[in-house]
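2 protein chains.
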Amino acid sequence: MTRVPNTDVREPVNAATDTCQLRDVLDRVGDKWSVLVMALLADGPRRYSELQRAVDGISQRMLTLTLRSLERDGLITRSVTPTSPPRVDYALTPVGETLAVEVSSLMRWAEQHRAYVANARLWYDASNS
Amino acid sequence: MTRVPNTDVREPVNAATDTCQLRDVLDRVGDKWSVLVMALLADGPRRYSELQRAVDGISQRMLTLTLRSLERDGLITRSVTPTSPPRVDYALTPVGETLAVEVSSLMRWAEQHRAYVANARLWYDASNS
DNA sequence: CGGGATCCAATGAGATACTG
DNA sequence: CAGTATCTCATTGGATCCCG
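The listed protein sequences derive, respectively, from chains A and B.
Per UniProt numbering, the very first residue in the first sequence carries number 1; after that it's consecutive.
Per UniProt numbering, the very first residue in the second sequence carries number 1; after that it's consecutive.
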């Protein structure tokens, strides 16, 4: 992803600068599981096993990777209670909550335009039979 | 993606219903190229070659696939001017513009919290040296 | 110019088994 | 319970060549 100074006259929406800044967030939001986990945590802290049951369909591997990644980005916290058996709780950080707000905004868009998109697809597929 | 009625007592944020409705949008937004293309088109119609130069880094294959997919979902239009050489313009549909608004909202979030995330990563990586 | 078709490498992600 | 490790397969995506 080497980026070169934009020398185009009609600056193309400064793809060069915006792209790099966006990539991190988009990879986060675009990740199939990250947003689902964040949506769950938006309602309050959850344990590892709670998340695994709630997300339903996620593998242990992916849940762990997703949580690690979110934690690394400072979007969630991981708190261990060293009882036996151990207990681990995950929760959104303040910044994580602000992203969750954006995500829920996207969710509303999805609900409102779901039918439109579904219809557009039927139309398109029919046209290119 | 088989989904089963949720029988859990403490309904887990209805992952079952929300998930399916979300998936389409998230796959769209999460797609590395779709959002970049939409961001460019938010400033007005663009030709195929303009997009390819502007996005910079995208291959012909992916640009074509991205455009087809966006068109299929009714988010952009494709208009051919049968001159020689041919000219093809892409533009956002009204619904596409509403999604572009959401995306630009995400872009603002990215700008505002970019430093935070970068810092969090350095921190995390340092802790787990 | 605006693609379509094909081949191939990299990544993503599920299944399974094992551990403190 | 809350993971880690490995193996494997499916998908993504770049490179290349070709066409109307």
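Backbone N, C-alpha and C define an ideal beta-carbon position, used for all residues, glycine too.
Note that the coordinates shown come from a computational prediction; the quantities given were computed from them, not determined experimentally.
Closest by CA to Val80 of chain B, which one among B:Pro94, B:Arg47 and B:Arg61?
On the second sequence, position 80 is the one that residue 80 of chain B refers to. The candidate whose alpha carbon is nearest that of Val80 of chain B is B:Arg47.
Spell out a yes or no on whether the region 70-87 of chain B and the region 109-123 of chain A are touching, meaning 3 or more CB-CB pairs, one atom from each, closer than 8 Å.
yes
Of the listed residues A:Leu36, A:Val101, A:Ser49 and A:Asp31, nearest to Pro85 of chain A (C-alpha basis):
Along the first sequence, one-based indexing puts residue 85 of chain A at 85. Pro85 of chain A has its Cα closest to that of A:Ser49, out of A:Leu36, A:Val101, A:Ser49 and A:Asp31.
Taking the alpha-carbon of Leu40 of chain A as reference, which of A:Thr83, A:Val55 and A:Arg28 has the nearest alpha-carbon?
Taking the first sequence and counting its residues from 1, one reaches residue 40 of chain A at position 40. Comparing Cα positions, the closest option is A:Val55.
Residues that Ser105 of chain B contacts on chain A, provided the C-beta gap is smaller than 7 Å:
As a position in the second sequence, residue 105 of chain B is number 105, starting the count at 1. Per Cβ cutoff of 7 Å: Glu102 and Ser105.
Under 6 Å Cβ to Cβ from Met62 of chain A, same chain only, skipping five residues before and after it: list those, please.
Here residue 62 of chain A corresponds to residue number 62 of the first sequence, with the count starting at 1. Same-chain partners within the cutoff: Trp33.
Within chain A, the residues that Glu71 of chain B reaches when beta carbons sit closer than 9 Å
Position 71 of the second sequence, counting from 1, holds the residue named residue 71 of chain B. Here the neighbours are Ala120 and Tyr124.
Under 8 Å between C-beta atoms of Val37 of chain A and Trp109 of chain B:
Numbered from 1 along the first sequence, position 37 holds the residue referred to as residue 37 of chain A. Numbered from 1 along the second sequence, position 109 holds the residue referred to as residue 109 of chain B. No, the pair does not count as a contact, with Cβ atoms beyond the cut-off.
Along the chain, where does the alpha helix (DSSP H) that runs through Ala118 of chain A open and close?
To locate residue 118 of chain A, count along the first sequence from 1; it is residue 118. From DSSP, the alpha helix (DSSP H) with Ala118 of chain A extends over Pro94 to Ser127.
On the three-state DSSP scale, how would you describe Ser69 of chain B?
Counting from one through the second sequence, the residue named residue 69 of chain B turns up at place 69. Correct three-state label for Ser69 of chain B: helix.
Alpha-carbon to alpha-carbon, Ser69 of chain B and Ser105 of chain A
By 1-based counting over the first sequence, the position of residue 105 of chain A is 105. By 1-based counting over the second sequence, the position of residue 69 of chain B is 69. Distance between the alpha carbons of Ser105 of chain A and Ser69 of chain B: 23 Å.
8 Å CB neighbourhood of Thr93 of chain B in its chain, flanking five on each side removed:
Counted from its first residue, the second sequence places residue 93 of chain B at position 93. Cβ within range, chain order: Gly74, Leu75, Ile76 and Thr77.
Is Ala110 of chain B close to chain A? Criterion is C-beta to C-beta, closer than 8 Å.
As a position in the second sequence, residue 110 of chain B is number 110, starting the count at 1. With 8 Å as the cut-off, Ala110 of chain B counts as an interface residue toward chain A.
How would you label Thr83 of chain A, buried or exposed, when you count the other beta carbons within 10 angstroms and need 16 or more for buried?
Translated into the one-based positions of the first sequence, residue 83 of chain A becomes position 83. The residue is exposed, with fewer than 16 neighbouring Cβ atoms inside 10 Å.
Ser79 of chain B: first and last residue of the uninterrupted beta strand (DSSP E) it sits in:
Against the second sequence, residue 79 of chain B aligns to sequence position 79. Where Ser79 of chain B is concerned, the enclosing beta strand (DSSP E) stretches over Ile76 to Thr81.
Beta-carbon proximity check, Val103 of chain A vs Val35 of chain A, cutoff 8 Å:
Along the first sequence, one-based indexing puts residue 103 of chain A at 103. Along the first sequence, one-based indexing puts residue 35 of chain A at 35. Their beta carbons are under 8 Å apart, which means Val103 of chain A touches Val35 of chain A by this criterion.
Chain-ordered neighbours of Val117 of chain A on chain B, where CB pairs are closer than 7 Å
Along the first sequence, read from residue 1 onward, the residue named residue 117 of chain A stands at position 117. Per Cβ cutoff of 7 Å: Asp24, Asp73 and Gly74.
Compute the Euclidean distance between the alpha carbons of Leu67 of chain A and Val101 of chain B, then round it to the nearest angstrom.
In the first sequence, counting from the first residue as 1, residue 67 of chain A sits at position 67. In the second sequence, counting from the first residue as 1, residue 101 of chain B sits at position 101. Leu67 of chain A and Val101 of chain B: Cα-Cα distance of roughly 29 Å.
When you compare only the Cα positions, how much space is there between Asp43 of chain B and Leu99 of chain B?
If you number the second sequence from 1, residue 43 of chain B lands on position 43. If you number the second sequence from 1, residue 99 of chain B lands on position 99. Cα-Cα distance, rounded: 14 Å.
In three-state DSSP terms, what is Asp56 of chain B?
Residue mapping note: residue 56 of chain B aligns to position 56 of the second sequence, counting from 1. DSSP places Asp56 of chain B in coil when its eight states are reduced to three.
Here's a check: name, in chain order, each residue in its chain whose Cβ is nearer than 8 Å to the Cβ of Gln60 of chain A, leaving out the five neighbours to either side.
Numbered from its first residue, the first sequence carries residue 60 of chain A at position 60. The residues are Gln52.
Less than 8 Å between CB atoms is the rule here; does Thr64 of chain A satisfy it with respect to chain B?
The residue labelled residue 64 of chain A in the question sits at position 64 within the first sequence. Judged by the 8 Å Cβ criterion, Thr64 of chain A is not in contact with chain B.
Looking only at C-alpha atoms, which of B:Leu22, B:Pro45 and B:Arg23 sits nearest to Met89 of chain B?
Taking the first residue of the second sequence as 1, we reach residue 89 of chain B at position 89. The residue you asked about is not Met; residue 89 of chain B is Asp in the sequence shown. For the residues B:Leu22, B:Pro45 and B:Arg23, the minimum Cα distance to Asp89 of chain B belongs to B:Pro45.
Which of the three DSSP states is assigned to Ala39 of chain A in this structure?
In the first sequence, the residue the question calls residue 39 of chain A occupies position 39. Helix.
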